[in-house]
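First residue of the sequence shown: 155, per the working numbering; consecutive thereafter.
Glycine is no exception: its CB is placed at the ideal position from the N, C-alpha and C atoms.
Since the model is a prediction, treat every value here as computed from it, not as a measurement.
Worksheet: one structure, shown below.
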Amino acid sequence: MKTEECIFCKIEHDNNLASIVYKDELTLAFMDWRQFHPGHTLIIPRKHFNDIRELDPTTGGALMSTLSKITQAVSVCFPNDGISVWHSIGSAAFQEVPHLHLHVHPRHYNDEFLKVYPDGPPENAVVSILEECAEKLRQILC
Ligand SMILES: [Zn+2]
Numbered sequence: 155m156k157t158e159e160c161i162f163c164k165i166e167h168d169n170n171l172a173s174i175v176y177k178d179e180l181t182l183a184f185m186d187w188r189q190f191h192p193g194h195t196l197i198i199p200r201k202h203f204n205d206i207r208e209l210d211p212t213t214g215g216a217l218m219s220t221l222s223k224i225t226q227a228v229s230v231c232f233p234n235d236g237i238s239v240w241h242s243i244g245s246a247a248f249q250e251v252p253h254l255h256l257h258v259h260p261r262h263y264n265d266e267f268l269k270v271y272p273d274g275p276p277e278n279a280v281v282s283i284l285e286e287c288a289e290k291l292r293q294i295l296c
């Protein structure tokens, strides 16, 4: 995607397109247009990255710092029994805007929003399967 077609890059260039709540050198936070519960806020890097896999450490650190600030503010300003923080990658994960963004969303007991395991959690995997998965990751990370 070209950045001039990206709605979040458009918001970065014209802050009047969104309800901005915070801005620093590398990050921007604004209200999501959809408010399932009041307080749903998005945090983006001001530079276009498709998702977290492309992120450099400096921007990543700034993004995490802003995420912490926004999450604290949302938890104080809006009724909640908890907060969900999430980032989606790709259409299978319901990423709707291909510009890295983090959601901060107030939660309430039994609100049925973003139910992680719709049919209840699966049973724990056996240790051998966990070790097989861990070895695949260790091979990439080392
Ligand atoms: Zn963008």
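| Asked | Found |
| --- | --- |
| Roughly how many angstroms lie between the CA atoms of D205 and C296, to the nearest whole one? | 22 Å |
| Figure out for me which residue from F232, V251, L268, G215 has the closest Cα to the Cα of K164. | V251 |
| Could you check which residue in R261, T181, G236, V228 has the C-alpha nearest to that of I335? | In the structure displayed, the chain extends from 155 to 296; residue 335 sits before or after that span and is not available. |
| Closer than 8 Å is the cut-off here; do at least three beta carbon pairs connect the segment 187–196 with the segment 216–234? | yes |
| Please classify L284 as buried or exposed, where buried requires at least 16 neighbouring CB atoms within 10 angstroms. | exposed |
| Threshold first: 3 residues or longer. Then list the beta strand (DSSP E) segments lying entirely within the segment 241–295, N to C. | 256–261 |
| Rounding to the nearest angstrom, what Cα-Cα distance links S238 and L209 in this structure? | 22 Å |
| Taking the CB atoms as reference points, tell me whether F203 and L254 lie closer together than 8 Å. | yes |
| Identify the residues that DSSP records as bridge partners of P199: which are they? | T181 |
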